[in-house]
Amino acid sequence: MSRLPDVRKLFLLCLCLALLSCAKRPGLLLHPGEVEPYEGPVTIEVLKDSHVFKKFRTLRSEVKVKAMRGRKRLGRYQGALVYERPGSVRLRVYGPLGTTGVDAVHSGGILQILLPQRNYLYEGRAPLPEPEKLLYSMEDDGKRYILYARKPGDGDVKLHAAYTFDRRTLLNTGITLYREGEGFLRMRFAGFAGNVPHLAMLDLFNGYSMEIELLEPETDSDISPEFFEHFEHEGLKVLPLKRILKGDM
Numbered sequence: 001m002s003r004l005p006d007v008r009k010l011f012l013l014c015l016c017l018a019l020l021s022c023a024k025r026p027g028l029l030l031h032p033g034e035v036e037p038y039e040g041p042v043t044i045e046v047l048k049d050s051h052v053f054k055k056f057r058t059l060r061s062e063v064k065v066k067a068m069r070g071r072k073r074l075g076r077y078q079g080a081l082v083y084e085r086p087g088s089v090r091l092r093v094y095g096p097l098g099t100t101g102v103d104a105v106h107s108g109g110i111l112q113i114l115l116p117q118r119n120y121l122y123e124g125r126a127p128l129p130e131p132e133k134l135l136y137s138m139e140d141d142g143k144r145y146i147l148y149a150r151k152p153g154d155g156d157v158k159l160h161a162a163y164t165f166d167r168r169t170l171l172n173t174g175i176t177l178y179r180e181g182e183g184f185l186r187m188r189f190a191g192f193a194g195n196v197p198h199l200a201m202l203d204l205f206n207g208y209s210m211e212i213e214l215l216e217p218e219t220d221s222d223i224s225p226e227f228f229e230h231f232e233h234e235g236l237k238v239l240p241l242k243r244i245l246k247g248d249m
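Residue numbers (my numbering): 1 to 249.
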């Protein structure tokens with residue numbers, strides 16, 4: 001019987017999906033025949049509009065999640081994901097016998113992670129970045145296009161994110177996020193069907209990684225606002241979100 005999901009890893013997944021607002025094995029290459037080549041000028045604005053999660057308004061899918069540390073497998077989970085631009089996310093991960101092990105929602109800058117079997121609710125702010133405050137530049141290294149986003153600070157400008165794009169199709173194949181100028185998370189996308197990646201690989205620079213496979217994703221369908229409603233506090237023990245990262249659970 002499988003164990004319940006590690007909430008700290010799922011917290012990372014939910015937060016990353018929210019921050020990125022917003023495929024069959026690791027390292028899967030693009031399928032050139034399935035994606036039309038891009039024709040036209042390549043500018044900063046064109047690359048910004050080619051962001052992987054800007055290609056659809058909503059997404060819903062069953063998912064498989066595999067967590068690793070180095071080469072050690074930490075667990076395999078199944079669940080369901082619902083996303084709506086610019087950054088509303090609902091992720092439900094199932095435990096043994098199909099019961100809900102973790103239910104997480106990000107909406108309105110608030111991230112909640114519910115553990116139904118413990119009646120614990122972790123809650124805290126996870127605000128979206130403000131793209132209009134970022135400074136952008138681009139690079140063409142002959143193999144791919146790279147879009148850099150830098151965040152002005154107190155007297156300096158620090159790298160916030162780097163986005164890589166396939167040179168032929170302009171598909172967004174990778175994103176690296178930085179914290180205080182230091183890389184802490186890399187995402188790679190593969191298995192594209194049109195503009196939708198069916199596989200996402202998340203690599204933390206501390207050795208942890210995740211593989212998220214989307215199973216027959218559906219895009220641009222109408223999604224009820226109820227999916228992204230925050231959980232009520234009644235009957236739950238409400239704890240600060242930061243306790244997950246500290247391991248104090």
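From the three backbone atoms N, C-alpha and C, an ideal C-beta is built for every residue, glycine too. From a predicted model like this one, the values you see are computed outputs, not experimental measurements.
query                                                                                                      : result
Touch test, the stretch 39-48 against the stretch 195-211, Cβ-Cβ under 8 Å, three pairs minimum            : no
Same chain, Cβ closer than 8 Å to histidine 233, neighbours up to 5 away in sequence not counted           : Leu121
Residue from Val89, Leu239 and Tyr148 with nearest C-alpha to proline 225                                  : Val89
Strand pairing of lysine 166, partner residues [DSSP]                                                      : The question names lysine, but residue 166 is aspartate in the sequence shown. DSSP output for aspartate 166 lists Arg144 as bridge partner(s).
Residue environment, glutamine 117, which counts as buried when at least 16 other CB atoms sit within 10 Å : exposed
Terminal residues of the alpha helix (DSSP H) in which glutamate 234 lies                                  : Looking at the DSSP string, glutamate 234 is not in any alpha helix (DSSP H), and its letter there is neither H nor E.
Glutamate 229 versus Met138, Val157, Val82 and Tyr178, residue with shortest Cα-Cα distance                : Val82
Inter-residue spacing [alpha-carbon to alpha-carbon] between aspartate 156 and glutamate 180               : 11 Å
Assigned secondary structure, valine 238 (DSSP; H/G/I helix, E/B strand, else coil)                        : strand
Limits of the unbroken beta strand (DSSP E) element including valine 196                                   : 196-204
Nearest-angstrom Cβ-Cβ length linking glycine 174 and arginine 69, presumed shorter than 8 Å               : That pair is no contact at about 21 Å.
Exposure label - phenylalanine 53; buried when at least 16 CB within 10 Å                                  : buried
Heavy atom of the ligand SAH within 6 Å of glutamate 84 beta-carbon                                        : What this structure holds is no ligand at all, so the ligand SAH is not there to describe.
DSSP three-state assignment for valine 102, whether helix, strand or coil                                  : strand
Three-pair Cβ contact test at 8 Å for the stretch 234-241 versus the stretch 100-120                       : yes
Where lysine 55 sits in the DSSP three-state scheme                                                        : coil
Where arginine 243 falls: helix, strand or coil (DSSP)                                                     : helix
Short Cβ contact (7 Å threshold) for leucine 170 with tyrosine 38                                          : yes
Burial state of threonine 99, where buried means 16 or more other Cβ atoms lie within 10 Å                 : exposed
Euclidean distance between Cα positions of histidine 51 and tyrosine 136                                   : 13 Å
Contact with chain D by leucine 111, beta-carbon distance below 7 Å                                        : Considering every chain present, this structure includes no chain D. It has just one protein chain.
Continuous alpha helix (DSSP H) stretch holding valine 46: start and end                                   : 44-49
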